[in-house]
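> First residue of the sequence shown? That's 7 in this note's numbering, and the numbers climb one at a time after it.
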Amino acid sequence: MNIVLLTVGKTDVKWVKEGLDLYASRLKHYVPFTVIEIPELKKVASFTRQQIKDKEGELILKQVGPQDTLILLDEHGREFRSLEFAEYMEKQLGTGAKNLVFAVGGAYGFSEPVYQRAGGKISLSKMTFSHQMVRTIFAEQLYRAFTILKGEPYHHE
Numbered sequence: 007m008n009i010v011l012l013t014v015g016k017t018d019v020k021w022v023k024e025g026l027d028l029y030a031s032r033l034k035h036y037v038p039f040t041v042i043e044i045p046e047l048k049k050v051a052s053f054t055r056q057q058i059k060d061k062e063g064e065l066i067l068k069q070v071g072p073q074d075t076l077i078l079l080d081e082h083g084r085e086f087r088s089l090e091f092a093e094y095m096e097k098q099l100g101t102g103a104k105n106l107v108f109a110v111g112g113a114y115g116f117s118e119p120v121y122q123r124a125g126g127k128i129s130l131s132k133m134t135f136s137h138q139m140v141r142t143i144f145a146e147q148l149y150r151a152f153t154i155l156k157g158e159p160y161h162h163e
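Given below as structure tokens:
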């Protein structure tokens with residue numbers, strides 16, 4: 007199984023990119039991991055929030071294959087402690103899906119068709135993070151989950 011982090015827009019924050027690159031390189035020791043960045047929409051000043059979500063949603067769904075499992079990183083999703091997330095990942099890895107795609111939406115979230123296609127929603131916190139920061143935070147938690155599953159001394163509890 008491949009794990010994909012699908013994001014709307016590129017990050018222009020240096021430390022976010024560096025953190026994401028660090029954990030992406032560490033994750034490659036455990037699982038094929040890729041980041042796909044969907045370009046931000048251009049000339050959206052005349053668009054409503056709903057129109058932006060709809061257009062971003064179309065771009066997200068084009069990246070998700072029929073055999074893929076789509077999980078949304080969403081403020082209304084299920085919250086996990088790190089050990090629980092490791093167990094969740096272990097179950098997901100056993101499903102036989104071709105790709106496990108974790109999606110980070112744009113500033114306004116996801117469109118209804120994306121929610122309908124999703125196989126689950128995860129919240130990283132009750133707090134709100136920028137959609138750029140979520141990339142690094144999620145990659146670190148994914149790395150932590152794999153070290154927990156392998157019994158490696160990264161996570162302390």
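Backbone N, C-alpha and C define an ideal beta-carbon position, used for all residues, glycine too.
1. Keeping to the same chain, check which residues put their C-beta closer than 7 Å to that of P119; ignore five residues upstream and five downstream.
2. Can you check whether the CB of V70 is closer than 8 Å to the CB of V107?
3. Give the DSSP-derived three-state secondary structure of T142 in the structure shown.
4. Per DSSP, which residues does I154 bridge with? Please list them.
5. In terms of residue numbering, what span does the alpha helix (DSSP H) encompassing A109 cover?
6. If you count every other CB in all the chains shown that lies within 10 Å of the CB of K59, and 16 or more means buried, which is it?
7. Spatial neighbours of T101 within its chain, please: C-beta separation below 7 Å, excluding the five flanking residues on both sides.
8. Quick one: any contact between the region 24-37 and the region 46-58, if contact means 3 or more CB pairs under 8 Å?
9. Taking the continuous beta strand (DSSP E) assigned at E62, which residues delimit it?
10. Between T134 and the rest of its own chain, which residues show a CB-CB distance below 8 Å, the 5 nearest in sequence each way excluded?
11. Excluding the 5 residues preceding and the 5 following E85 in the sequence, name in chain order all residues of the same chain whose CB lies nearer than 6 Å to its CB.
12. For a test of the three-state rule: what should DSSP assign to V37, helix, strand or coil?
The structure says:
1. G63 and L67
2. yes
3. helix
4. Paired residues: none, contrary to the question.
5. Element bounds for A109: not the alpha helix (DSSP H) but the beta strand (DSSP E), N105 to V110.
6. buried
7. T75
8. no
9. Note, E62: premise wrong, no beta strand (DSSP E); alpha helix (DSSP H) at R55 to K68.
10. E81
11. S129
12. coil
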